[in-house]
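Heads up: the sequence lines are chains A and B, in that order. Residue numbers for the first sequence follow this note's numbering, so the first one is 13 and each next one is one higher. Residue numbers for the second sequence follow this note's numbering, so the first one is 578 and each next one is one higher. For glycine and all other residues, C-beta sits at the position ideal for the given N, C-alpha and C. The structure appears right after this line, and notes come after that.
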Amino acid sequence: GQNIDQPTEMTATEGAIVQINCTYQTSGFNGLFWYQQHAGEAPTFLSYNVLDGLEEKGRFSSFLSRSKGYSYLLLKELQMKDSASYLCAVSSGGSYIPTFGRGTSLIVHP
Amino acid sequence: DTAVSQTPKYLVTQMGNDKSIKCEQNLGHDTMYWYKQDSKKFLKIMFSYNNKELIINETVPNRFSPKSPDKAHLNLHINSLELGDSAVYFCASSLIPSGTGNTIYFGEGSWLTVV
């Protein structure tokens, strides 16, 4: 099975930088995803990491350390619209179908 | 055009009833899924179909029965609804079930409330 852990809630200020951590325990790691979910909406894909290191995509970056079972999502120049839940998901074994963590609710305030 | 569409978006029904949620994707994907998101926002895989064949069936009561008439459709039928079935059900699809970067595209969700 898999165990995925991320903080339940975080708050940050508009314009700031926030880092959302995710730790996982799994066997046969294939890859790690980050999804964003606004309240009442569907999750949408943000990033995918399969190798160690940092993947940058605009204001969002995702980091992976496979040896430590650790990832983080870095959001820069926060905007009010970034208030959402951020879901860490890990795929492992033969299925490649990701298992989701409980998500981190990010609140951005002025 | 909506990529993954599911109906109905909202459903309120009484305990013991039978209901269905329909899902269609126009992305040309081979794999479709049903996820359940409970009140604590935990998103959990229920079923996965690849080209109309069941490939994943997590520990789900057999009151839940998926049906895939073709690879663009995956419907979810629920018998004898219980209060604990109240949740948001997300249909999703991906190009293939295996391989790297298996991005999953979600529908907008169906809010089921059992009273």
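If I'm right that tyrosine 610 of chain B touches leucine 620 of chain B with Cβ under 8 Å, what's the distance once you round it to whole angstroms? By one-based count along the second sequence, residue 610 of chain B stands at place 33. By one-based count along the second sequence, residue 620 of chain B stands at place 43. With a Cβ gap of about 11 Å, tyrosine 610 of chain B and leucine 620 of chain B do not count as contacting.
Phenylalanine 667 of chain B versus chain A: which residues are under 9 Å apart at the beta carbon? Mapped onto the second sequence, residue 667 of chain B falls at position 90. Result: Ala54 and Pro55.
In this structure, does DSSP put tyrosine 108 of chain A in helix, strand or coil? Working through the first sequence from its first residue, we reach residue 108 of chain A at position 96. Note: tyrosine 108 of chain A maps to coil in three-state DSSP.
Of all the residues that make up the segment 677–688 of chain B, which are near chain A by a beta-carbon distance shorter than 8 Å? The segment 677–688 of chain B vs chain A, Cβ under 8 Å: Thr677, Gly678, Asn679, Thr680, Ile681, Tyr682, Phe683, Gly684, Glu685 and Gly686.
Report the residues of the segment 73–106 of chain A with a CB closer than 7 Å to any CB of chain B, ordered along the chain. Ser97, Leu99 and Ser103
Below 7 Å on C-beta distance, what does lysine 629 of chain B contact in chain A? Position 52 of the second sequence, counted from the first residue, corresponds to residue 629 of chain B. The contacting residues do not exist; lysine 629 of chain B stays about 17 Å from chain A at best.
Counting Cβ pairs closer than 8 Å, one from the segment 631–642 of chain B and one from the segment 651–664 of chain B, do we hit at least three? yes
Does the beta carbon of leucine 672 of chain B sit closer than 8 Å to a beta carbon anywhere in chain A? Sequence index remark: in the second sequence, residue 672 of chain B carries index 95 (1-based). Leucine 672 of chain B does not count as touching chain A.
Go ahead and pull the three-state DSSP assignment for lysine 648 of chain B. As a position in the second sequence, residue 648 of chain B is number 71, starting the count at 1. Three-state result, lysine 648 of chain B: coil.
Just verifying my parser: in three-state terms, what is the DSSP assignment at aspartate 17 of chain A? Looking up residue 17 of chain A in the first sequence gives position 5. Strand.
Classification of leucine 85 of chain A by the beta-carbon crowding that lies within 10 angstroms, buried from 16 upward: Taking the first sequence and counting its residues from 1, the one referred to as residue 85 of chain A is at position 73. It counts as buried.
Using DSSP's beta-bridge definition, name the partner residues of alanine 24 of chain A. The count along the first sequence starts at 1 and reaches residue 24 of chain A at position 12. DSSP, once it has assigned bridges, lists A:Val120 as partnering alanine 24 of chain A.
Please tell me whether phenylalanine 1 of chain A has its Cβ less than 8 Å away from any Cβ of chain B. Any question about residue 1 of chain A goes unanswered here, given that chain A covers just 13 to 122.
May I ask you to verify whether the segment 102–115 of chain A touches the segment 624–638 of chain B, counting CB pairs closer than 8 Å and requiring at least 3? yes
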